[in-house]
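S.K.: Before I ask anything, here is the structure I am working with.
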Amino acid sequence: MAAEISLLSARIDGSRLVLDAGGRWVADQANEIEALLDIVCRKGLRFDQIEINLAQLERLDTVGAWLIERMRRIATGANIKAQIVGLNPRYKILLDEVAISNKEPPHPHPKKGALQDTLEHVGMAVASSGDDFVAIVRFLGLVITSAGRVVLHPTRLRFTSIVHHLDLVGFRAVPIILLINFLIGAILAQQGIFHFRKFGAETFVVDMVGILVLREVGVLIVSIMIAGRSGSAYTAELGSMKMREEIDALRVMGFDPVEVLILPRLIALIIALPLLTFIGSMAALFGGGLVSWLYGGFLPEVFIDRLRDAITMDTFKVGMIKAPFMATIIGLVACVEGLRVEGSAESLGSHTTLSVVKAIFLVIVLDGLFAMFFAAIGM
Amino acid sequence: MVEIGTSSGGPTNGFGRSGASNVEYAIRVRDLVVGFHETPVLNGLNLDVRRGEVLGFVGGSGMGKSVLTRTIIGLLPKWQGTIEVFGRDLDQADEEEMERIERHWGVLFQGGALFSSLTVRQNVQFPMRENLELSRQLMEEISLAKLEMVGLHRDVLNKMPSELSGGMIKRVALARALALDPEILFLDEPTSGLDPISAGEFDTLIRALQQTLGLTVFMVTHDLDSLYSVCDRIAALADGKVIAEGPIETMLQSQHPWLKAYFHGERARARTKTKTGARA
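Line by line, the protein sequences give chains V and P.
Each residue of the first sequence is one higher than the last, beginning at 83 in this note's numbering.
Each residue of the second sequence is one higher than the last, beginning at 860 in this note's numbering.
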C-alpha cells in the first residue's frame, strides 16, 4: 500500500460491516467512489450495523461528503445503524452541511416524447401566428396615433434621428443593392436569351427583363435585402434597449418610446425603400442590358427601343407603389419583435431571427396580394 | 480484509490542503504592472493572500480593483511582474497545469454572469459536466446540495436567470463558482446591489462556506459591513499599489488620506457608531 491508497476497504466484524475510507474523497474520484458504495449498498444491507471509518481520509470535499451522507441515508433507510467514526474535526462542518441538504429527491425532468413535443410545437406556432397578426395591427395603431400627434405638433418630429437612420438603412445599403440587382438582372437576361433562342424569340427577353424587374423582382429583392439588413438591426437595437431597461427609462422620463425610437426608424425605412427600389431596378435593367449586348448581341440602342415599347408607366408604378408598403411591414415586424425581447441573450437572438423570417414571409405574401389587386384593377 | 478499490496518489493531487502544506500563500503577486493603452493602472503592486483567509480588497472606483482580479484569473494580460497561485508561478505553468489551477478557483462576477440561455440547474451543473465525470444522479444531488448551501430553495432549479432577482442571481452564481469545490474564491463586489439584510446574509454565508470548505476568499468590496464582519485582513489599493494591508485595526489607524476618508468618512462613522459598542 505504498503508492496506492485504498479508497474503500471493507471488513466484517461479527454482524458489523466496517468500512475504512481512505485517500482523496473528492470530485475527481467520485465515479469510482460511487461505484464502490453501490457495491456496498447492494451487498452490505444484511448487516445490523455499518461503521464508516474516516480516519485514513486524506481529503474530503462536498462531493465526497455527500457520498458518505448518501450512504448513511440508504443504510438508515434500511434500518441499519450507520455510524461515522474517526472524522477529522475539520470536515465535521462539511458533513453537517450536506446532512441538511437534499432532503427530498430532486424533481424529475419533465419527460415528453418526440412526437408530443413536435405536435406541441406546431400547435404553439399556429396559435402564436394569430397573436402575431393581432400584435402587428395593434402596433400599427400605436404608430398611427403617435404619427398623428407628431403631425399636430411638427416640432416633435425627430428629424436628426430620421436622417441618421436614413443614412444607415438607405445610403449605406446602396452599394450592395446595386450589386445584387445588377447580378439578378444579368442572370435573368442570360437565362432568357439562352432559352428563348431555341424558338427564335430572343428579342422578347427585353420585355421579360423589363416587366419582371420593374413589377416584381426589383422591389422583392430590395425588400428581402432590407429585411435581412435593416429589419434585423432594428430588432437587435430595440431588443437590447429593452433588455437594459432603456425603453422603460424613456417612458418614465415622459417620452413616448414609439415616437422617439420607432417612428423615426419607420419613416426612414418608408423613405429609403422606394429610393432603393428605384436604383435597384435601374441596376437590374443595366445588368440585363449589358448581358443582352455582350451575350445576346443587341446593341444598347436596340435594347432601349424595345424596352420603351415593352413597358408602360404602369409597369414602373406597380413596382414603386409596393415599396412603401413593404417598408412598413418590415419595420413593423422588426419593431414588434424587438419589443418582445426578454432578459436573455438567447431571446435577443431568437427574436432577431424571427423578425427576419417573418418580414420576408410577409413581404412575399403582400406581393401576392398586390398581384391580385393590380390584376383586378387592370394595371 | 477485502480491497474494494484503490486510487493512485500520483499527479492528480490537488494544490490545496493535501500534501503541499509548505505553501503558506494562496496567491502572491509581485511587482505587478497592468494597464490599458499607454497608461498603467496597477504600477508595481505587491499582494499576499494567505491560505484559508478572507481578504477584503478595497479601493476607489476606477482604481483598478477589478483589473487586479481579472489579471490574477488571467482575463487581462500583465505588462510586468509575477503572479503565484498555490506557490506556482502562472507564467511557468504549462497548459495542463494551468487547467488544473483554473479548476481550483471559483469566480463570482459582479453581475453574476450566469449563462442566460441555461436554467439555474444547468448553470450550476455546467462546470461539473465539463470537468468531471459524474453520474447523472450524483450531479443532480450535488448541484441541489450546492444551491441549498447558498440558501436557495429547490424551486429555482428550473428557472431561467432572467426570472431571478438580483440577490438570487448572486447566490446562483456563487453556487456555480463553488460547483467544483474550489480552494480560492474570487468575489467581485458580492454584496453590491443587495439590500442590507441580504448583504448581511451573504456575508454570513461566505463566512460559513469559507469555514466549511476551507476556502481562501479574495473579495473585492465596498461594503464596510463586509469588511468588518467577514474579512480576516484587508488590503487597500491606491495609486496602483497596495498602500496598506492588515486587519481592520491597521486600516483604522492608517494615516493615508484616502484610507482616513474611507474608514472615517460620513458613512463609516455612522457604521462605527452602531457597531463599536457591540465589539467592545
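For each residue, glycine too, the CB sits at the ideal point set by N, CA and C.
Quick caveat, the model's predicted, so the values are computed rather than measured.
Which residues in the same chain have their Cβ closer than 7 Å to the Cβ of V:Pro356, if we skip the five residues on either side of it in sequence?
M.R.: The residue you call residue 356 of chain V lines up with position 274 of the first sequence. Cβ within range, chain order: Met402, Ala405, Pro406.
S.K.: Kindly indicate the opening and closing residues of the alpha helix (DSSP H) around V:Pro171.
M.R.: Looking up residue 171 of chain V in the first sequence gives position 89. Here the alpha helix (DSSP H) through V:Pro171 covers 171-181.
S.K.: Going by DSSP, which residues form a beta bridge with V:Glu131?
M.R.: Translated into positions along the first sequence, residue 131 of chain V becomes position 49. For clarity, residue 131 of chain V is Gln in the given sequence; the question names Glu instead. DSSP, once it has assigned bridges, lists V:Arg98, V:Lys163 as partnering V:Gln131.
S.K.: Which value, in whole angstroms, describes the spacing of the CA atoms of P:Glu956 and P:Leu949?
M.R.: Counting from 1 along the second sequence, the entry for residue 956 of chain P is found at position 97. Counting from 1 along the second sequence, the entry for residue 949 of chain P is found at position 90. Cα to Cα, the separation comes out at about 9 Å.
S.K.: For the stretch 148-165 of chain V, which residues have a CB atom closer than 8 Å to at least one CB atom of chain P, in sequence order?
M.R.: Hits within the stretch, in order: Trp148, Leu149, Arg152.
S.K.: Which residue's Cα is closest to the Cα of V:His421: V:Ser437, V:Ala409, V:Val204, V:Arg172?
M.R.: Numbered from its first residue, the first sequence carries residue 421 of chain V at position 339. Note that residue 421 of chain V corresponds to Leu in the displayed sequence, not to His. The shortest Cα separation from V:Leu421 among V:Ser437, V:Ala409, V:Val204, V:Arg172 belongs to V:Ser437.
S.K.: Take P:Thr871 and list the residues in its own chain whose beta-carbon comes closer than 7 Å to its own, dropping the five residues that flank it on each side.
M.R.: Taking the second sequence and counting its residues from 1, the one referred to as residue 871 of chain P is at position 12. Note that P:Thr871 scores 36 on pLDDT, short of 50, meaning its location in the model is unreliable and no value can be drawn from it.
S.K.: Taking its Cβ as the centre, do 16 or more other Cβ atoms sit within 10 Å of P:Gln1069, making it buried, or is it exposed?
M.R.: For the purposes of this step, residue 1069 of chain P is taken as the residue at position 210 of the second sequence. So P:Gln1069 ends up on the buried side.
S.K.: Between the C-alpha atoms of P:Ser880 and P:Gly1073, what's the straight-line distance to the nearest angstrom?
M.R.: Against the second sequence, residue 880 of chain P aligns to sequence position 21. Against the second sequence, residue 1073 of chain P aligns to sequence position 214. No answer about P:Ser880 holds up, because its pLDDT of 45 lies below 50 and its placement is not dependable.
S.K.: Tell me, to the nearest whole angstrom, how far the beta carbon of P:Ala1097 is from that of P:Gly918; I am working on the premise that it is less than 8 Å.
M.R.: Residue mapping note: residue 1097 of chain P aligns to position 238 of the second sequence, counting from 1. Residue mapping note: residue 918 of chain P aligns to position 59 of the second sequence, counting from 1. Their Cβ separation, rounded to whole angstroms, is 6 Å, which keeps P:Ala1097 and P:Gly918 in contact under 8 Å.
S.K.: Please name the residue, chosen from P:Leu1006, P:Val966, P:Glu1060, that lies closest to P:Thr1050 on a Cα-to-Cα basis.
M.R.: Taking the first residue of the second sequence as 1, we reach residue 1050 of chain P at position 191. For the residues P:Leu1006, P:Val966, P:Glu1060, the minimum Cα distance to P:Thr1050 belongs to P:Glu1060.
S.K.: So, is the C-beta of P:Thr1071 closer than 8 Å to a C-beta in chain V?
M.R.: Here residue 1071 of chain P refers to the residue found at position 212 of the second sequence. So, interface residue.
S.K.: Kindly indicate the opening and closing residues of the alpha helix (DSSP H) around P:Thr1080.
M.R.: Locating residue 1080 of chain P in the second sequence gives position 221, counting from the first residue. Careful: P:Thr1080 lies outside any alpha helix (DSSP H) and carries neither H nor E.
S.K.: Could you name the residues that DSSP lists as bridge partners for P:Phe916?
M.R.: Here residue 916 of chain P refers to the residue found at position 57 when the second sequence is read from its first residue. The partner list for P:Phe916 (beta bridge, DSSP) reads P:Val1079, P:Ala1094.
S.K.: Using 8 Å as the threshold, is the stretch 369-376 of chain V in touch with the stretch 308-319 of chain V, meaning 3 or more CB pairs across them?
M.R.: Short answer: they don't touch.
S.K.: Rounded to whole angstroms, what is the Cα-Cα separation between V:Lys280 and V:Pro382?
M.R.: Mapped onto the first sequence, residue 280 of chain V falls at position 198. Mapped onto the first sequence, residue 382 of chain V falls at position 300. So the alpha carbons of these two residues sit roughly 23 Å apart.
S.K.: Quick one: residues in its chain with C-beta nearer than 8 Å to the C-beta of V:Tyr173, no 5 flanking neighbours on either side, listed in chain order?
M.R.: As a first step, residue 173 of chain V must be located in the first sequence, where it is residue number 91. The answer, listed in chain order, is Leu136, Leu139, Leu142, Ala147.
S.K.: Pairing CB atoms from the stretch 205-213 of chain V with CB atoms from the stretch 1018-1029 of chain P, are three or more of them under 8 Å?
M.R.: Too few Cβ pairs lie closer than 8 Å, so no.
S.K.: From V:Gln272 to V:Ala366, what distance separates their C-alpha atoms?
M.R.: In the first sequence, counting from the first residue as 1, residue 272 of chain V sits at position 190. In the first sequence, counting from the first residue as 1, residue 366 of chain V sits at position 284. Approximately 12 Å, taken between the alpha carbons.
S.K.: Across which residues does DSSP place P:Thr898 in a beta bridge pair?
M.R.: Locating residue 898 of chain P in the second sequence gives position 39, where the first residue counts as 1. In DSSP, P:Thr898 forms a bridge with P:Phe895.
S.K.: To the nearest angstrom, report how far apart V:Thr410 and P:Phe974 are at their CA atoms.
M.R.: Stepping through the first sequence from its first residue, residue 410 of chain V is reached at position 328. Stepping through the second sequence from its first residue, residue 974 of chain P is reached at position 115. Each residue's Cα considered, the two are about 35 Å apart.
S.K.: The stretch 329-345 of chain V: which residues have C-beta closer than 7 Å to a C-beta of chain P, in chain order?
M.R.: If the cut-off is 7 Å between Cβ atoms, the stretch 329-345 of chain V has nothing near chain P.
S.K.: Counting Cβ pairs, one atom from each stretch, are 3 or more of them under 8 Å apart for the stretch 240-259 of chain V and the stretch 342-357 of chain V?
M.R.: Touching, yes, given that three or more Cβ pairs across the two stretches are closer than 8 Å.
S.K.: So does the stretch 993-1000 of chain P actually touch the stretch 107-116 of chain V, counting three or more Cβ pairs closer than 8 Å?
M.R.: Cβ pair count under 8 Å is three or more, so yes.
S.K.: Which same chain residues end up closer than 7 Å to V:Arg333 when comparing Cβ atoms and leaving out the 5 residues on each side of it in sequence?
M.R.: Against the first sequence, residue 333 of chain V aligns to sequence position 251. If we look at V:Arg333 and ignore the five residues flanking it on each side, its Cβ neighbours are Pro339.
S.K.: Can you check whether the CB of P:Thr1071 is closer than 8 Å to the CB of V:Glu179?
M.R.: Translated into positions along the first sequence, residue 179 of chain V becomes position 97. Translated into positions along the second sequence, residue 1071 of chain P becomes position 212. Contact: yes.
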